[in-house]
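Student: The numbers in this note's numbering rise by one with no breaks, and the one at position 1 of the sequence shown is 2.
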Amino acid sequence: MELLVLGAIVLYCLIALRFWQGFHRTYYTQSRFILSVLWLPLLMNKSYRENFRRALLG
């Protein structure tokens, strides 16, 4: 159980890091840290979801 939680935290951080690295491909100009940290709940927003996909896939 603890290993599963640790794995989920690591996966969350890796995806946030990937978004951080591809942030320049989005239409956003500020709040890089906040948008990277809160990526999972923000995926409910269609505009954010499109920018998130753009940041990850290039």
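Glycine included, every Cβ here is placed at the ideal spot set by N, Cα and C.
Reducing DSSP to helix, strand and coil, say where residue 23 ends up.
Tutor: The answer is coil: DSSP assigns residue 23 none of H, G, I, E or B.
Student: Is DSSP giving residue 46 helix, strand or coil here?
Tutor: DSSP places residue 46 in coil when its eight states are reduced to three.
Student: Helix or strand or just coil, what does DSSP make of residue 37?
Tutor: Residue 37 falls in the helix class under three-state DSSP.
Student: Indicate the three-state DSSP secondary structure (helix, strand or coil) for residue 8 in the structure shown.
Tutor: In this structure, residue 8 counts as helix in the three-state DSSP scheme.
Student: Indicate the three-state DSSP secondary structure (helix, strand or coil) for residue 13 in the structure shown.
Tutor: Looking at residue 13 - three-state DSSP - the assignment turns out to be helix.
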